[in-house]
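Enquirer: Supplied in structure tokens, the structure appears directly below.
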Amino acid sequence: MDQGNNELGAILTHGPSEWQIIQQDADGLGAWDLAGRWVSASGPGTVQVRLVYEDTGVAVSRALDWQPVTTHADGQWAGRMSGVPAGGLYRLETRYLPHSQPVGEWADRGDMRHFLGVGDLWVITGQSNSAGYGRGPVYDPPELGLHLFRNSGQWALATHPLNESTDTQHPVNRDGANTAHAPYLHFARLLKQHLGYPIGLIQASRGGSYLEEWNPHDPAPSGGLYENMLTVVAAAGGRVRGLVWYQGEAEGSALNGYTYQPRFTQALAAWREGLKHPTLPVLTVQLNRHLTPPIPVLELSWSQVREAQRQLARSAPGVSVVPAFDLPLSDFIHTSPAGNLLLGERLARAALGAVYGRAVDYLAPDLQTAVAAADGQTITLTFAPVTSRMDNVDPSANPFRVEDSAGAVAVTAVTYPGGPNVRLKLARPLAGGAVVHGGYGLAPASVPMDMERFMPMLGFHGVAVQPAA
């Protein structure tokens, strides 16, 4: 064979990249297709491959110790390493064993790939709070076993900022300014701690993106973020465990809140079809606050988006939602690093409960009924699940709005009688059909929480008030 290029032994040209996390299958196993060429002055032989633990050099199993692959006389070789258990980190090793030299440990050298894992991959989608606009210091360090498929098209140790665009291969999701802190490294860290295997993240979000950019069936699709998501997933291995989605600020500001639910449902179907995952789990975040002077049409639209997000988690199988009302901001609209840590924990608990079937309390208090008293001047709101009692860290706060056939009805007092209930005292009796909104507007006052878990309620909009029995 020609050695003019100074190659020697087993050359790996097709296989996993260093730091890559492979999505495990339903049996908790992963696999790699391998191929390359061999160069040896010792004549015919066989390429062999094995997988060892990176920290010890011990073979992962007998079946994954040195095994021959198909080796051709023309200098090419190919094979498949399958049955790799969820876990890691692993090192893939190759070597060329000439027939004339059967002593394995002194075989010709081969290429290696380091820091490999088999676990679960999660796609990061949405707009700026997913891309990571949280500013300020926080302790959220990198960790072996938490890896990121970067915008450069390379796997690496996951570090903030997750959406940084050095050498990006797909500028469609490049943000105009440097991004900063996002909730998903902490999300992945907690999943790894509880599940015991590596987690890979695939970044596809972009600040300011609209839902139509993620939906190929939208009447006016634009931006190519849906196609880009499919492209980066394919480049990262082609299969994922789930998707995290934080988006909606753009829809609320564009006054599209009232159409959010059907458009998201359509986008969800497209994601599942495009990713070939009919039951793809999707973790969503209900909109946080927007600290801007109140504008009536925006107050309404943001509330409509939150209601759509609440209803989607009720009606769309595989979709979960977590609240964000209480998370601190680092500017007028972006969750701060401290808030992102709490959000990452909520998303991880939602994943553990809804996706992995763990017995964890992850559901936020959600309004079940709104019932008027006989005099029409009190409404009792009942929430579930509630582990202790609904209350508010600010007893004077009023995040509720009531309307009836005569218009707005002032809420004069909000009281907390204990358990799952909240009571609204009204300035006048209700006239005709009435509705109640909770967490209304761009920047609602402090909302009630399940105090045992310190979990805020989900915002709601337009819930009909039932008459007294």
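The working numbering puts the sequence shown at residues 296 to 764. Note that the Cβ used here is the ideal one computed from N, Cα and C, for glycine as well. Note that the structure is predicted; figures quoted are calculated from it, not measured.
1) So what does residue 699 bridge to, in DSSP terms?
2) Once the 5 residues before and after residue 528 are set aside, which same chain residues still bring their CB inside 7 Å of it?
3) Suppose only complete runs of 4+ residues qualify. What are the alpha helix (DSSP H) ranges in the segment 498-582, listed by chain order?
4) Where are the beta strand (DSSP E) runs, 3 residues long or more, that stay fully inside the segment 424-493, in chain order?
5) Candidates 602, 661, 332: which alpha carbon is nearest residue 404's?
6) Mapping DSSP to helix, strand and coil, what is residue 379?
7) Contact between the segment 731-748 and the segment 587-602: three or more CB pairs below 8 Å?
8) Can you tell me which of the three DSSP states residue 665 falls into?
9) In terms of DSSP beta bridges, what is residue 305 paired with?
10) Around the C-beta of residue 394, are 16 or more other C-beta atoms found within 10 angstroms, so that it is buried, or is it exposed?
11) DSSP three-state call for residue 584: helix, strand or coil?
12) Do residue 453 and residue 443 come within 7 Å of each other at the CB atom, strictly closer than that value?
13) On the three-pair Cβ rule with 8 Å, is the segment 626-642 touching the segment 425-441?
14) Can you check whether the CB of residue 353 is closer than 7 Å to the CB of residue 379?
15) Going by DSSP, what residue range makes up the alpha helix (DSSP H) through residue 599?
16) How many Å lie between residue 672 and residue 382 at the Cα?
17) Would residue 662 and residue 699 be called neighbours here (beta carbons separated by less than 7 Å)?
18) Can you give the Cα-Cα distance for residue 423 and residue 304, rounded to whole angstroms?
19) What separation, rounded to the nearest whole angstrom, lies between the Cα atoms of residue 741 and residue 624?
20) When DSSP labels each residue in this structure, what does residue 758 get in the three-state scheme?
21) What is the C-beta distance between residue 341 and residue 366, in whole angstroms, given that I count them as a contact (C-beta under 8 Å)?
22) Short check: CB of residue 502 to CB of residue 470, under 7 Å?
23) Report yes if the C-beta distance between residue 730 and residue 719 is below 7 Å; otherwise report no.
24) When DSSP labels each residue in this structure, what does residue 633 get in the three-state scheme?
25) List the residues that DSSP assigns as beta-bridge partners of residue 343.
26) Span of the beta strand (DSSP E) holding residue 723?
27) Can you check whether the CB of residue 751 is closer than 7 Å to the CB of residue 618?
28) Specify, as a first and last residue, the run of the beta strand (DSSP E) that residue 318 falls within.
29) For residue 640 and residue 392, what's the separation of their Cα atoms in angstroms?
30) Considering only DSSP beta bridges, list what residue 679 is partnered with.
31) Can you round the beta-carbon distance between residue 259 and residue 344 to whole angstroms, since I take them to be within the 8 Å contact cut?
32) Opposite residue 412 in the DSSP bridges: which residues?
33) The ligand ZN and residue 343: does the residue's C-beta get closer than 6 Å to at least one heavy atom of that ligand?
34) Can you give me the C-alpha to C-alpha distance between residue 577 and residue 665, rounded to a whole angstrom?
35) I need the DSSP call for residue 355, collapsed to helix, strand or coil.
Expert: Considering the structure as presented:
1) 702
2) Within the same chain, residue 528 has close Cβ partners 418, 497, 535, 570.
3) 520-530, 544-548, 555-569
4) 441-444, 450-452
5) Looking at the Cα atoms, 332 is the closest of the given residues.
6) Reduced to three states, the DSSP call for residue 379 is strand.
7) yes
8) strand
9) BP columns for residue 305 point to 333, 405.
10) exposed
11) Here residue 584 sits in coil by DSSP.
12) yes
13) Contact between the segment 626-642 and the segment 425-441 is present, with at least three C-beta pairs closer than 8 Å.
14) no
15) 591-610
16) 59 Å
17) no
18) 48 Å
19) 14 Å
20) strand
21) 5 Å
22) It is a contact, given that the beta carbons lie within the stated cut-off.
23) No; because the gap between Cβ atoms is not below 7 Å, this pair is not in contact.
24) Residue 633: helix per DSSP, three-state reduction.
25) 363, 390
26) First-last for residue 723: undefined, no H or E at that position.
27) In this structure, residue 618 lies near residue 751, with their beta-carbon atoms less than 7 Å apart.
28) 316-318
29) Distance between the alpha carbons of residue 640 and residue 392: 49 Å.
30) DSSP lists 661 as partners of residue 679.
31) No statement about residue 259 is possible, as the shown extent of the chain runs from 296 to 764 and does not include it.
32) DSSP lists 316, 383 as the beta-bridge partner residues of residue 412.
33) The ligand ZN is absent from the structure shown, which contains no ligands of any kind.
34) 29 Å
35) Here DSSP, grouped into helix, strand and coil, assigns residue 355 to coil.
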